[in-house]
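Contents: one structure, followed by commentary.
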Amino acid sequence: MSGDQKPGAHAPLHGPLRSFLKLLVELDSSRFATHRIKSALLLLGLLAGFGVLGYALPAWLSRYF
53 MSGDQKPGAH
63 APLHGPLRSF
73 LKLLVELDSS
83 RFATHRIKSA
93 LLLLGLLAGF
103 GVLGYALPAW
113 LSRYF
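Going by our numbering, the first residue of the sequence shown is number 53, and it counts up by one from there.
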C-alpha cells in the first residue's frame, strides 16, 4: 500500500490550480467549439472577478485606513 510509492513521487494536483490548467488546455485544444467558448467565458469571468476584487478591495480598505 504505502510501500508502492517511490520516496520522491508527488501526489497529483487537485484543487483550483488543476481546474485553471484544465480550462487553459480545453480552451486551446478542445475539438468542440462549445467547449472552447465555455472555457473562454469562464476564463474571462475569472479575470473579471480578479479585476473587480483588485479594484474594490483596496478602495474598501482605503476608507478605513
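Beta carbons are placed, not taken as given, at the ideal position from N, Cα and C, and that holds for glycine.
Which of helix, strand or coil DSSP assigns to residue 83
coil
Beta-carbon within less than 8 Å of residue 79's beta-carbon, same chain only, minus the 5 sequence neighbours each way: which residues are those?
88, 91, 92, 95
Simplified DSSP state of residue 106, which is helix, strand or coil
helix
I need the straight-line Cα distance from residue 97 to residue 84, nearest angstrom please.
20 Å
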